[in-house]
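In this note's numbering, the protein residues as written are -13 to 865.
1) Could you pull out every residue in the same chain whose Cβ sits closer than 6 angstroms to the Cβ of residue -4, ignoring the five residues on either side in sequence?
2) How far does the beta strand (DSSP E) with residue 240 in it extend, from its first residue to its last?
3) For residue 403, name the three-state secondary structure that DSSP assigns.
4) Please report the residue range of the beta strand (DSSP E) in which residue 119 lies.
5) Mark residue 300 as exposed unless 16 or more other C-beta atoms lie within 10 angstroms of its C-beta, in which case mark it buried.
6) Residue 420 and residue 146 - do their beta-carbons sit closer together than 8 angstroms?
7) Between the Cα of residue 29 and the Cα atoms of 117, 727, 799 and 795, which residue gives the shortest distance?
8) Please report the straight-line C-alpha distance between residue 53 and residue 578, rounded to a whole angstrom.
9) Counting C-beta neighbours from all protein chains within 10 Å, is the total for residue 383 16 or more, i.e. buried, or is it exposed?
10) Using the three-state DSSP reduction, which class does residue 130 fall into: helix, strand or coil?
11) Residues in its own chain within less than 7 angstroms of residue 192 by CB, not counting five upstream and five downstream?
12) Relative to the C-alpha of residue 404, which residue among 437, 675, 417 and 257 is closest?
13) Mapping the DSSP letters down to three states, classify residue 574 as helix, strand or coil.
14) According to the Cβ coordinates, are residue 482 and residue 638 closer than 8 angstroms?
15) Relative to the C-alpha of residue 288, which residue among 686, 347 and 105 is closest?
16) Tell me whether the beta-carbon of residue 395 lies closer than 8 angstroms to the beta-carbon of residue 355.
17) Could you compute how far the alpha carbon of residue 378 sits from the alpha carbon of residue 501?
18) List the DSSP bridge partners of residue 503.
19) Take the Cβ of residue 674 as the centre, count every other Cβ of all protein chains shown within 10 Å, and call the residue buried at 16 or more, exposed below.
20) Based on DSSP bridge pairs, tell me the residues matched to residue 248.
21) Count Cβ pairs between the segment 249 to 263 and the segment 206 to 221 that sit closer than 8 angstroms; are there 3 or more?
22) Residue 38 and residue 548 - do their beta-carbons sit closer together than 8 angstroms?
23) Below 8 angstroms on the Cβ atoms is my contact criterion, and I expect residue 866 with residue 166 to pass it. Report the Cβ-Cβ distance as a whole number of Å.
24) Using the C-alpha atoms, what's the distance from residue 337 back to residue 839?
25) In this structure, does DSSP put residue 742 in helix, strand or coil?
26) By the three-class DSSP mapping on this structure, what secondary structure does residue 37 have?
27) Do residue 664 and residue 604 count as a contact pair if the criterion is CB distance below 8 angstroms?
28) How many Å lie between residue 409 and residue 2 at the Cα?
29) Under the DSSP definition of a beta bridge, which residues are partnered with residue 349?
30) Looking only at its chain, what residues have a beta carbon closer than 6 angstroms to the beta carbon of residue 546, apart from the 5 residues adjacent to it on each side?
31) Cβ of residue 735 within 8 angstroms of Cβ of residue 785?
32) Between the Cα of residue 111 and the Cα atoms of 836, 863, 281 and 33, which residue gives the shortest distance?
33) By alpha-carbon positions, which one of 8, 20 and -11 ends up nearest to residue 460?
34) Nearest by alpha-carbon distance to residue 431: which of 857, 440, 448 and 413 is it?
35) Out of curiosity, what's the CA-to-CA distance linking residue 808 and residue 844?
36) Beta-carbon within less than 6 angstroms of residue 233's beta-carbon, same chain only, minus the 5 sequence neighbours each way: which residues are those?
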């Protein structure tokens, strides 16, 4: 047992504790270690990344899970690693080159790749060191990288095997194109943001110059949000049941800028309520139009270059213009020709690259694709059968719906940094898929694989696949995947599909989805909003434990997580409360360490109560840990530690610890030591640093392998004791009311007096007058049959009766009345000011909603206080 410093200083101990854990191998596991296997693999952060608040939440949850399982005796491993992040990493290095006046093409592919590896060695992976500041107990000896040699072998094997199985193919299809990063994107790398754009309506004239039917004499009006794409139009579509257009189906219109015509077709996709009900069809630049084009065998005319400029083939006078410049120029030209009908604002969803944030262009392109249907069906069965369980379950249902509508996956990327596609092209057009070059005349495909292609293998390549390793046999399938619900489509679905395909097993038993971290008002964190919270700043100011606990306390499964700096400060106060409780205990335990409890017959009411409440908190927290209900974990343990242990038991136990009965003191210390030990173990997964420090002080453990991190997980040390809980609750109630009486009447804590108690719970209370006297500051407690009505007595009402005590001698009545009247005057003045503010229509209309709400709350609280003061004055005046 050691002396603790007076103040808790996280910065003074966190780094040292972490280094001790790592040096002692506390986090490391081997496949043949004892215990049931339990494994988690970290969602690999980008090698370019730094710790943000979302990472902090995700990794705090993983750490809490793995620490608990380690303490439960499991052979638990948490494997860390990094993702090579193709687009992001290449962009970082290209920006460095640009600052030097160079491009990657100046270096050439091989030299550029060497430059990226050099950057990775010098600057990449910062985030893993930052995770250590958070307390993440990863097995750092197993750190991996999605682009290292072992992962390269696995990625290449999967590509070749899928190709041989007919599930990977090369085709010319419509894909998402990023004109800034100059690469294809998969559907889920496109973020759809609501923007205020425009809806431009213009007219196509009839090709045969013959007038159309009534209402369409001069042609058809179509509406579009992307006027520039009309250069690639190859049809106008109407709904087959739209009677307005029945007579024009099959007629042709002429293009105003190009020497060609195209037909009016009927397709059920068309919404008759949108625009004019007639829709221009650009199959090469819109996914819906592409499907219509396939159904009707329409020409597919590409009118853009890969950099987003209008091409020469179909651009005519607009060739070379940027797509957005062309939009303006085409509307102006249509207006000159008398064909522009109107342009009006239009709010709609626009796809942006999740990497470069550029507006994505649908483009026809030769790319590599995965035929996902058969694999998606296997993944659906994994969820429906319960082999993969989602927490919360509703996200599993959404997961299945998404898989049911999954399209083939475009996996090729026009980058240099990444897993090179193991395909070889011959000048004859022949393609071979294999690891090594087939010989002279063959060139390797220049594209690399989508980063998600390699990271989908993460749960099994971390354990040595494709080799049949002991680690793979021990820890795969993994136990739990922790990730935000927003990553289910990016990563979770692909891991399930590929694991079923290659290993015939699901990659994990449980997917625990947490929400996104937002500010305290539920608003998305954004630099533009000025509400971003940096977890490293929080750790530096308040400590890792407070940061972790503040995140966990709102992290109900699948629900977005609010966070405020003040809340983290509040959890620092909770850490301080624990610290002070242990300092008191250690200064009075006199070398007593956690051991056996005294026999039941020697336990006092407060002992029985605190042990019963400990068991209630343990059972509730343990059940919540099991289902990852972090708010319940935090609430139950925080409430016990602060509201029950610190505020009540530590106060009551002083009577025996400081008393002259050595046997009673010994029993009290034994109970206190056990309770503190159990509490620290229960809290450790959520607050590892402060609990480790305090536990070593409590037990005298030397650290290293003698760490709380390896201590046994708590089980019940006693049963619930309803009788003790009922009796002590009554003690608490009476003590609380006596304390309120003191506060309201200015009776100092040190002033002791007698109390007559009339209650129907005498049998419960009478045996516990010692603790009553100690907690309420009384010199005597007497039980009476009926409460006296003497007006000179103060009446203290509690749930099961009335207590009385003479006011004479306790207070100076006149002085107290005078004080209360002054306080009443201040309160009435405050109420008048608040009422005036709320009566001001300008204030109510213009002040922020939360400010107005706060004033209304102050008004109610002040009115209540005025009533209390008036009642106290009236009581005193009657004496």
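Note that beta-carbon positions come from the ideal geometry of N, C-alpha and C, so glycine has one too.
Note that the structure is predicted; figures quoted are calculated from it, not measured.
Straight from the coordinates:
1) So the qualifying residues of the chain are 529.
2) Here the beta strand (DSSP E) through residue 240 covers 238 to 240.
3) Taken through DSSP and simplified to helix, strand or coil, residue 403 comes out as coil.
4) Where residue 119 is concerned, there is no enclosing beta strand (DSSP E), although the alpha helix (DSSP H) it sits in stretches over 112 to 120.
5) The C-beta of residue 300 has 16 or more other C-beta atoms within 10 Å across all chains shown, which makes the residue buried.
6) The answer is yes: Cβ separation under 8 angstroms.
7) Residue 29 has its Cα closest to that of 117, out of 117, 727, 799 and 795.
8) Each residue's alpha carbon lies about 27 angstroms from the other.
9) Its Cβ having fewer than 16 others within 10 Å, residue 383 is exposed.
10) Under the three-state reduction of DSSP, residue 130 is assigned to strand.
11) Closer than 7 angstroms at the Cβ level, and outside the excluded window around residue 192, lie 198, 205, 237 and 239.
12) With distances taken between Cα atoms, residue 404 lies closest to 437.
13) Helix.
14) Not a contact, by the Cβ cut-off of 8 angstroms.
15) Restricting attention to 686, 347 and 105, the CA atom closest to the CA of residue 288 is found in 347.
16) Result yes, Cβ atoms of residue 395 and residue 355 sit closer than 8 angstroms.
17) If you take the alpha carbons of residue 378 and residue 501, they lie about 11 angstroms apart.
18) Under DSSP, the beta-bridge partners assigned to residue 503 are 547.
19) Residue 674 should be labelled buried.
20) Per the DSSP secondary-structure output, residue 248 pairs in a beta bridge with 239.
21) Yes, the segment 249 to 263 is in contact with the segment 206 to 221.
22) No, Cβ-Cβ distance for residue 548 and residue 38 is not below 8 angstroms.
23) Look at the range of the chain in this structure, -13 to 865, and you will see that residue 866 is not part of it.
24) Answer to the nearest angstrom: the Cα atoms are 39 angstroms apart.
25) When secondary structure is reduced to three states using DSSP, residue 742 falls in the strand class.
26) Correct three-state label for residue 37: coil.
27) With contacts defined by Cβ atoms closer than 8 angstroms, residue 604 and residue 664 form a contacting pair.
28) If I take the Cα positions, the gap works out to 50 angstroms.
29) Partner residues in the beta bridge of residue 349, as assigned by DSSP, are 161.
30) The residues 501, 502 and 504, in chain order, have a CB closer than 6 angstroms to that of residue 546 in the same chain once the five nearest residues on each side in sequence are set aside.
31) In this structure, residue 785 does not lie closer than 8 angstroms to residue 735 by Cβ.
32) Out of 836, 863, 281 and 33, 33 has the C-alpha closest to the C-alpha of residue 111.
33) Among 8, 20 and -11, the Cα nearest to that of residue 460 is on 20.
34) The shortest Cα separation from residue 431 among 857, 440, 448 and 413 belongs to 413.
35) Approximately 19 angstroms between the Cα atoms of the pair.
36) These residues qualify, in order along the chain: 199.
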